[in-house]
Amino acid sequence: MSRWPARRRQVVAASPADIPLLDVDRLTVRVGGSVPVRDLELDLAEGEAVALVGPGQTGKTAVLDCIGGLRPARGGSVRLDGHRLKQSFTAATFWLVLCGGLLVGLAAAAAAVDVDSLWLAVVKRGLAVDEPFTPATFATRLRSYFRAELAIDRLADHWRIVTADGREVLAVRRELAEARELRHQLQAAVTARRTGPGTVPDLTDLVGDANEPRRLLPIPAVTLDRLAAGKQRIRFRGWTALAGGAVLGIAIGMAVWQQGRRSAAIAARSGVARTFRQPRVFSALTVAENVLVAAERAAVADVAWWKRWPGVGASAAADRAAALLQVVGLDEQRALLPADLSSAGRRRLELARALAVRPRLLLADEPEAGLTVAEQQSLAELFERVRQQGIAILLTATVPGPLTAICDRTIPLARQPESRQASPPRMARMAAP
Amino acid sequence: MTEAARQPASPPVSGERRPRSNPAAGLGGPSRSRVLDGRTPPSNQILRHLARSPWCRWEVPVFGLLAAAPWGLADAFNGIGGPLTSVLILCIAALGLNVVIGFTGLLHLGMAAFMGVGGLLLAILTVPTNPLEIGFLPAVCVGVCGAAAAGGLLAAATLRLRADSLAVVTLGFGEVVRVLLGNLEQITGGMQGLGPVPPPGAGLSLAGTDLGRAFVIDPRWFYLLALALLIGVIAVLRRLEQSAVGRAWIAFREDPVAAATIGISATRVRLAAFTVAAAITGLAGCLAAANLGTTGDPHSYGFGRSVALLCAVMLGGPGSLPGTLLGVAILFGLDIVVIPAIDAWSQQLTAAESAAGPLTLGSWRLALVGMALIVMMRFRPQGLLPSRRSAAELREKHR
Amino acid sequence: MNLVSFLQQCLIGLTSGGFLGLIAIGYTLVYGTVGLIHFAHGDVVMLGGCLAVTLFSLAGPLPLDPPANWLLVLAVAVCCGLFCGSLNVGIDRLVYRPLRQASPLAPLVSAVGVSFILMNIGLFWIGPTDRAFPEVLPAGDRLAGGVRLPAADLLVLAIVLPAFGGLLVLLRSGFGRSLRSVAAVARAASRTGGPERFIAATFFLGGALGGVASVAAGIHNTTVNYQFGYQTGLYALAAAVLGGIGSVPGAIIGGLVVGLVRAVSIAVLGPRWAAATVLLMLVVVLAFRPAGLFGRPAAAGRLP
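Protein chains in written order, with my numbering: chain A, 1 to 433; chain B, 1001 to 1399; chain C, 2001 to 2304.
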């Protein structure tokens, strides 16, 4: 259904030589009030390492944010293996949005046809006249409600003839048989009105002695007209609300889906990993759990959604987490909390976590910030091993160092000399979080 | 609740580091065979230090006490059995809210509406004035599923909202449900509620005794049913917390951005968490309706109840299971037991005929709860019994 | 429903939207400055209404003659505004200021606590049931082209429109500009205890407008209730979120829209679906613009 499992399998097969792994085309990034990066072009092949070097405020982090899906780009495109990192409109999305829209439409239709009276007419009134509740009677009553037909209701020991929505009482009788007969007559009159001018049968009153003359029932014509128009009214309201509600629901679903099309999670599932300038590790989880949570996520992503019972992929994920902890050298500290690690340790933990998602591209933001030279050396060795696995690396740095030394290319970024003079409120907004 | 932080770190199993030149050193290669040199491979080390005994320290004594209470207290139980059952049911509802607040870190101010949905579905399906009378168990299943569906729908509509807008929309949702419960009289029974809801075992007989009558005659059975369901919910939540899904949710709560970069999508976490929370709260609503015999006043599913649940969770510590139970116990124990007792006692002291107005403690109940909340948030925002994870998070934040 | 009655409903809706907008401005200003939703604002407005009732009852027999009653309403509105403003500042100083650095849940829960305390005070001030708002104007409707507008609503408009105008003028002036820029810096610098005076000024301004709105609301609804903060305050909060919480023009427009939609839906669908209609509209708008109509989208790099 989704193309992610397919893309993952492409790692084993060689991707066509002419499509680069990462293709950044005329990327323009906006940060606050200025545009520090304009029309950046970048190509990365598998196993290639590129460094973006430049002083602060040149938009390096913003470029990584754009590529990784954390920030929308002002212009240009980013492609991984020739595909843009956007969630495609799958069949699942279609059905979900459609079902959601239909639910909203049904709710709106229920509100429009007065669900209260509908319930009364369909469920409760039948009980009053001792009709059994079977699907057939249910369907009959539903149909008669939508035709705005008259019904018989019970109040104490009297039987009343009421309109479909229970709002108006037309007559009261003491015997059920009489009420039924009268309802039949009244309904005939209403139907005659509804179908057009013609003969209207006499509405004679059944009550009365055989000796008394039968008199006409005083149902005013305007009432009959209103009752006759009732069917149109209910149907019109019902269908309008159903259609309108469904359209609204589908619109909401599409809008919500549209806004989430490009996100870091989708980039991660396509094989883009990210480390931050200040290591963002999960302090509520232990070292092992930090890496495990990423490995589990990657292990589950390969499995179709209907096969994802609890525990699937758990051992594979644990294997991978253990191996990665060994590689970065945090194996002894696996049971500690990240708060107990040194700064270099946390950086390595973040790297292990990023590698656990089996990335094809690693975006590292100033990985050597705050490390001693020796720590930078060992980190560079780690990055070299990562590169040998065929993982492309795009890292940023303020000054060239051991990490930029392992890179194939270096792209310098400079401050835009003609940056727009930002007005004070905008500058303040830039400072705001 | 991790035991891992207290265990001593065990030495790595496979001895020296693997040589650096080995390309298949676990970075991108396939998973290795499980047994190396006859010793336990590292993955099992990880799994072993993660697995912890599910029932530790506090659950066994507390629930043992609670389970023994009906027989231990004998006659005294008749007085407090009813309120105690209500407190247990509210514990279940608060645990549902705890799933949202504790796992996603978002605020949901309309949780009691799902109690209303669950209770209403149960009542509609079992009340004798409706033709559909199915049994208690199927009706509870439908109620829970209906509440879960409502929760999922609300989550889907609010997927991209910030925490503040989400709070307002959930608040509005709670209000809408309360208004509809009061106004759609034919369906919901209006302000009196829909009743009479038959007791759980109605129509069934076990070992010769009619279960329905047993539930009506002896309130202990409903108390034990509520307690059993509470234990079940706690077991499920505990298992969830220790599972892969729970870890992903905890990561999402702490840092949604970093969680997104490892593939944990906010969409799925929010949808799943809201659905599970609504299901649990719907279960509580079903129980409440069955306990009361009617769905009751719609106001009991409104903002007041939602905020009470929120206060209980925040008092005990968001994300902490024992904290939530303690919070509910304090809040409702105060409300149902302590304040009326103090009022009665002060009435005796002053020998007043009937204390009314500003003199009674009960009429200051709202202000007292408000004051308690403010003091709590000022001096101990992590709650009375913070979970180990949130304590670690808080330590980290204040480094 | 013919055109005239529809227009009448719209007019009623716009009037109620007016004071909803004033209350919404309070929510918006506080959020724009300190980044938290001041849940207790609706209850502060409720207490302003209580004060208005008390002041009117002290003023002697009502209604007074034309110039005097307008002056009385003005005086009471100013008093309520000052009262609510000071109350807001006090709440900020006592409850929110110690919590500036805490996680966002803590001030929210504290705000709920303050709301409870204020509700309890209101409960004792005016009692548990609706309390009739004194009749300030002689009864009578004004007719304009067949559309009837109660005199009370004219009074409400007379209060609300100048308040809006004055506010917009204020915000466009130098005070407003510096308020906005300092507000942004205050948010960023809140960890180091930023400009507290400006935060206090914001709270005061929001509260003052709410106090004025309470008089207008009392005249429009003809009752005050201790649960006003929870009933009408919720609509005002929805209006603030609809317009984009943090944006003052958004709060005004949001208030008008919410009032209009509510009145029209009450007229067309009945009172039971009014809340649902407003909520649905809010959800629809937020689905397309998660930050509200005039709100700024979430900062890049931050997930919702």
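Yeah, the Cβ is synthetic: ideal placement off N, Cα and C, and Gly gets one too.
N-terminal and C-terminal residue of the beta strand (DSSP E) that residue i is part of
| i | result |
| --- | --- |
| glutamate 41 of chain A | 34 to 44 |
| glycine 1146 of chain B | It is not in any beta strand (DSSP E) - glycine 1146 of chain B instead sits in the alpha helix (DSSP H) that spans 1136 to 1157. |
| arginine 274 of chain A | 272 to 275 |
Where residue i falls, given that 16 or more other Cβ within 10 Å makes a residue buried
| i | result |
| --- | --- |
| cysteine 99 of chain A | exposed |
| glutamine 2101 of chain C | exposed |
| aspartate 130 of chain A | exposed |
| serine 88 of chain A | exposed |
| proline 1061 of chain B | exposed |
| histidine 2038 of chain C | buried |
| glutamate 2196 of chain C | exposed |
| serine 2115 of chain C | buried |
| serine 2110 of chain C | buried |
| asparagine 2002 of chain C | exposed |
| lysine 307 of chain A | exposed |
| valine 1100 of chain B | buried |
| serine 77 of chain A | exposed |
Other residues of its chain near residue i: CB distance less than 7 Å, five sequence neighbours each side excluded
| i | result |
| --- | --- |
| glycine 1182 of chain B | Gly1190, Met1191 and Pro1298 |
| alanine 317 of chain A | Leu292, Ala295, Glu296 and Ala299 |
| alanine 268 of chain A | Val357 |
| alanine 1112 of chain B | Gly1174, Tyr1301, Gly1302, Arg1305, Ser1306 and Leu1309 |
| leucine 127 of chain A | none |
| aspartate 225 of chain A | Arg193 |
| valine 31 of chain A | Gly59 and Ala62 |
DSSP beta-bridge partners of residue i
| i | result |
| --- | --- |
| alanine 392 of chain A | A:Leu361 |
| tryptophan 159 of chain A | A:Arg154 and A:Arg173 |
| threonine 372 of chain A | Answer by DSSP bridge pairing: none, since threonine 372 of chain A is not bridged. |
| alanine 397 of chain A | A:Val53 |
| glycine 75 of chain A | A:Thr28 |
| isoleucine 411 of chain A | A:Leu52 |
| aspartate 116 of chain A | In DSSP, aspartate 116 of chain A forms no bridge with anything. |
| alanine 2132 of chain C | C:Thr2223 |
| histidine 2038 of chain C | DSSP output for histidine 2038 of chain C lists no bridge partner at all. |
| leucine 22 of chain A | A:Leu44 and A:Leu80 |
Contact set for residue i: own chain, Cβ-Cβ below 6 Å, skip 5 residues either direction
| i | result |
| --- | --- |
| methionine 2046 of chain C | Gly2122, Phe2228 and Gly2229 |
| glutamine 1242 of chain B | none |
Nonlocal neighbours in the same chain, by C-beta distance under 8 Å from residue i, ignoring five residues either side
| i | result |
| --- | --- |
| threonine 1085 of chain B | Pro1219, Phe1222, Tyr1223, Ala1226 and Asn1291 |
| alanine 335 of chain A | Thr286, Val287 and Ala288 |
| arginine 280 of chain A | Glu350 |
| cysteine 2010 of chain C | Leu2260, Ala2263 and Val2264 |
Residue range of the unbroken alpha helix (DSSP H) whose run includes residue i
| i | result |
| --- | --- |
| serine 2115 of chain C | 2105 to 2126 |
| arginine 946 of chain B | Not covered by the structure: residue 946 of chain B. The range shown for chain B is 1001 to 1399. |
| isoleucine 2012 of chain C | 2003 to 2034 |
| glutamate 289 of chain A | 287 to 301 |
| tyrosine 1301 of chain B | From DSSP, tyrosine 1301 of chain B is part of no alpha helix (DSSP H); its letter is neither H nor E. |
| arginine 1377 of chain B | One detail in the question is off: residue 1377 of chain B reads as methionine in this sequence, not arginine. Looking at the DSSP string, the run of the alpha helix (DSSP H) that includes methionine 1377 of chain B is 1365 to 1379. |
| leucine 1065 of chain B | 1059 to 1073 |
| leucine 2099 of chain C | It is not in any alpha helix (DSSP H) - leucine 2099 of chain C carries neither H nor E in the DSSP assignment. |
So, does the region 1165 to 1174 of chain B touch the region 1121 to 1135 of chain B, judging by three or more C-beta pairs under 8 Å? no
Could you say if the region 2101 to 2120 of chain C and the region 1304 to 1322 of chain B meet the contact criterion of at least three C-beta pairs nearer than 8 Å? yes
Check whether the region 244 to 254 of chain A and the region 105 to 117 of chain A touch, using three or more Cβ-Cβ pairs below 8 Å as the test. yes
Using 8 Å as the cut-off, can you tell me whether the region 394 to 413 of chain A makes contact with the region 33 to 48 of chain A, which would need three or more C-beta pairs spanning the two stretches below that distance? yes
Using 8 Å as the Cβ pair cut-off and three pairs as the minimum, do the region 2026 to 2044 of chain C and the region 2269 to 2278 of chain C touch? no
Does the region 1148 to 1162 of chain B touch the region 1264 to 1271 of chain B, meaning 3 or more C-beta pairs lie closer than 8 Å? yes
Tell me, please, whether the region 361 to 381 of chain A touches the region 339 to 350 of chain A by the rule of three or more beta-carbon pairs shorter than 8 Å. yes
Check whether the region 248 to 265 of chain A and the region 322 to 329 of chain A touch, using three or more Cβ-Cβ pairs below 8 Å as the test. no
Would you call the region 1319 to 1333 of chain B and the region 1109 to 1123 of chain B in contact, with 3 or more CB pairs under 8 Å? no
Would you call the region 2046 to 2059 of chain C in contact with the region 2210 to 2221 of chain C, where contact means no fewer than 3 C-beta pairs closer than 8 Å? yes
Under 8 Å, with one C-beta from each stretch per pair, do the region 2240 to 2248 of chain C and the region 2028 to 2036 of chain C reach the 3-pair mark? yes
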